[in-house]
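Protein chains in written order, with my numbering: chain C, 1 to 443; chain R, 1001 to 1272. Down below is the structure, laid out as structure tokens.
Structure follows, in structure tokens:
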């Protein structure tokens, strides 16, 4: 017999198990195997002392479903566990998660450095809406890593970007940009909607706050709006004097300093106690439950999304009607090597491609595919297509479109989990129409 | 709040209320490699109900300066110095895990100063697994992962944090990794392993004592906690089912309810 001692290994649950179980204990919920939907606005206090304790954050628990709800709480813990985060706060949409994150971090007079390749709605939030609150932004192209450093000002409170930009699939060099942020004493916030924690865990690459539109792959079935912000717990809010709202006594809770009291969960505690209390974009328990159902099969679905996407990339690259294809799995994609490092489990199911014949051909293609759905969403189990220049990003002027890396021939494809041959057959119909746009449109 | 002990900066949470010398003092002592933040679901209650709740960061831990103390005996003396440094003549002590060894030793050394003792997940001795000790002393993050695994009961592994949105295991991991592992966890584990005086110290304790134990505690099993409690005259024992070593988070409400009754009965608050 060998006398070699057995090596100790932690037996904490792994990703697929956490997807099904994290955040929920049946024995505390009448033995209900499924997470109950707590369809209620408010929660009984045991007595006046108990009520005061909850309001003072002396003890955990629920007061009012705008602030927290048990079903939503399960979702929050589940996503935090999958991301490797300390805490999470679910919101009514991805946009409200971004807004809450920014408002938790910033005050009037502050500044953010922001990747230029973002979902159109996010661009408008940073470019047009946040300045109304006195928060200004400098946009930097996602591949211009040094540009992020140069754009940091004295009043800069953070860097924000989508890990893989929408819709052009440009990838931020997250580890290097995280270093730049941390050298400046500010956090990196990453919208990782396209990846889900199955494909990438941004905290392992230096991100401090991760944001998801749960509406997309996490929920996965195109049924429910939801968002979430997740905290990594490593960022030291007390390292400098840039974040007084995190470190100084907060009048709204008897002089509480969130950073001193809650440390690795301070950002989430403040986002809930202040942001959710005052802005109120809470997630409904029904939608939280729907998202939980999606997360149960996240890894199964993401494998199929990614394998179908790689098949579609090959198909499109060989197609006579396609001018170019952008997907991180393509060897000549400028971020191919970076994608291998950041997205080891798959490069995602978002493809951008240019159709020969420009905008007119693109319109004909989209008007004639039947299986692929033409709509303003991504990350559904079903295949989705859109022409960004006339849809999701249509509120941008020509110069902004160009800066965001959009062209008029671009089609954004969110590959679903249908049979791959059926998707290809459907695209053949679209491409035939694109080659003869006038003929088809007159039929 | 910040103050100095032995010319080193000390940080202690006051539970969100200003320190008031007129109020009775409760000192909360954290476990190996951790910080004051483990006590957030107990300290704030006492701070809002007539006490000075002081959750200290031991030297070299959390926001406190200096280097980690190398023995339980040194930590016990340091707690005594904390009482002096904040201008009090007496205190009630609450300890978790390694904090139990520290508070037992402190109570036996300074019997006139310590008015009540509350132990959570305590034992008379905490011998360390040699591999775990070696990993911690060699700054291997696996030591933290193993500790978080063993410190949470089966239910705690699923989550279910009493504060909505917080996830137990990852939060604990971040606390334990907030400073260099070998300088906090490594030193603490070695101090626990070296400490042999727990049972003798317990025999000297005469103040009201409470032990809160948990059925699924792998770090300090219930039977070990009972052995310690049996040596302390009149010691109360409360056992929580389906809970691990991190009972102060896993079953925070239950712990607070038991602790509140014990402390307010034996060491009353300043009435408002």
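Ideal Cβ positions, reconstructed from N, Cα and C, are used throughout, including at glycine.
Item	Value
Terminal residues of the continuous alpha helix (DSSP H) containing residue 1150 of chain R?	1142-1151
Nearest by alpha-carbon distance to residue 1259 of chain R: which of R:1210, R:1103, R:1241 and R:1203 is it?	R:1210
Counting only beta-carbon separations shorter than 8 Å, does residue 1239 of chain R have a partner in chain C?	no
Since I believe residue 1016 of chain R is in contact with residue 256 of chain C (beta carbons under 8 Å), could you give me their beta-carbon distance rounded to a whole number of angstroms?	5 Å
DSSP state of residue 1253 of chain R, grouped into three classes?	helix
Using the beta-carbon count (16 or more within 10 Å), is residue 1021 of chain R buried or exposed?	exposed
Per DSSP, what are the beta-bridge partners of residue 1011 of chain R in this structure?	R:1002
For the alpha helix (DSSP H) that residue 210 of chain C lies in, which residues bound it at each end?	Per DSSP, residue 210 of chain C belongs to no alpha helix (DSSP H); it is in the beta strand (DSSP E), 209-213.
Along the chain, where does the beta strand (DSSP E) that runs through residue 231 of chain C open and close?	227-231
Can a CB atom of chain R be found closer than 8 Å to the CB of residue 265 of chain C?	yes
Please report whether the beta-carbon of residue 1167 of chain R lies at a distance below 8 Å from any beta-carbon of chain C.	yes
Check whether the Cβ of residue 59 of chain C lies closer than 8 Å to any Cβ atom in chain R.	yes
So what's residue 412 of chain C in DSSP terms, helix, strand or just coil?	strand
Could you tell me whether the Cβ atoms of residue 179 of chain C and residue 206 of chain C are closer together than 8 Å?	yes
Which residues in chain C have a C-beta closer than 8 Å to the C-beta of residue 1131 of chain R? List them in chain order.	5, 7 and 8
Quick one: which residues of the stretch 1009-1039 of chain R get their C-beta closer than 9 Å to a C-beta of chain C? List them in chain order.	1011, 1013, 1015, 1016, 1017, 1018, 1035, 1036 and 1037
Can you pull the chain C neighbours of residue 1045 of chain R, defined as C-beta to C-beta under 7 Å?	53, 58 and 59
For residue 1206 of chain R, count neighbouring Cβ atoms within 10 angstroms of its own Cβ and tell me buried if that reaches 16, exposed if not.	exposed
In chain order, what are the residue ranges of uninterrupted alpha helix (DSSP H) at least 4 long that sit wholly in the stretch 91-171 of chain C?	94-105, 120-124 and 145-151
Name the residue from C:376, C:233 and C:274 whose alpha carbon lies nearest to the alpha carbon of residue 389 of chain C.	C:376
For residue 23 of chain C, which of helix, strand or coil comes out of DSSP?	coil
Buried or exposed, going by whether 16 or more other CB atoms sit within 10 Å of the CB of residue 343 of chain C?	buried
Any chance you could list the beta strand (DSSP E) runs of at least 3 consecutive residues sitting entirely within the stretch 1093-1166 of chain R, in chain order?	1114-1120
Under 8 Å by Cβ, that's how I've got residue 85 of chain C and residue 210 of chain C pegged, so tell me the actual separation to the nearest angstrom.	7 Å
Going by the CB atoms, is the gap between residue 185 of chain C and residue 105 of chain C shorter than 8 Å?	no
Return yes when the Cβ of residue 191 of chain C is within less than 8 Å of the Cβ of residue 170 of chain C, no when it is not.	no
At a CB-CB cut-off below 8 Å, which residues of chain C make contact with residue 1248 of chain R?	Simply none; closest approach about 12 Å.
In chain C, which residues lie less than 8 Å from residue 1149 of chain R when you measure between Cβ atoms?	10, 11 and 12
Do the stretch 1030-1049 of chain R and the stretch 1058-1068 of chain R meet, that is, are 3 or more Cβ pairs less than 8 Å apart?	yes
Closer than 7 Å by C-beta to residue 417 of chain C: which residues in its own chain qualify, once you throw out the five before and the five after it? Chain order, please.	301, 304, 305, 308 and 381
Expressed to the nearest angstrom, what Euclidean distance is found between the alpha-carbon atoms of residue 1174 of chain R and residue 1130 of chain R?	23 Å
Give every residue of the same chain whose Cβ lies closer than 7 Å to the Cβ of residue 148 of chain C, excluding the five residues on either side of it in the sequence, and list them in chain order.	113, 140, 159, 177 and 180
Would you check if there are 3 or more beta carbon pairs closer than 8 Å linking the stretch 1191-1204 of chain R to the stretch 1115-1135 of chain R?	yes
Evaluate residue 1275 of chain R with the Cβ neighbour count: other Cβ atoms within 10 Å of its Cβ, from every protein chain shown; 16 or more gives buried, anything less gives exposed.	The question about residue 1275 of chain R has no answer here: the residues shown for chain R are numbered 1001 through 1272.
Pairs of beta-carbons, one from the stretch 1051-1059 of chain R and one from the stretch 1001-1017 of chain R, closer than 8 Å: are there three or more?	yes
Spell out the partners DSSP gives residue 324 of chain C in its beta bridges.	C:354
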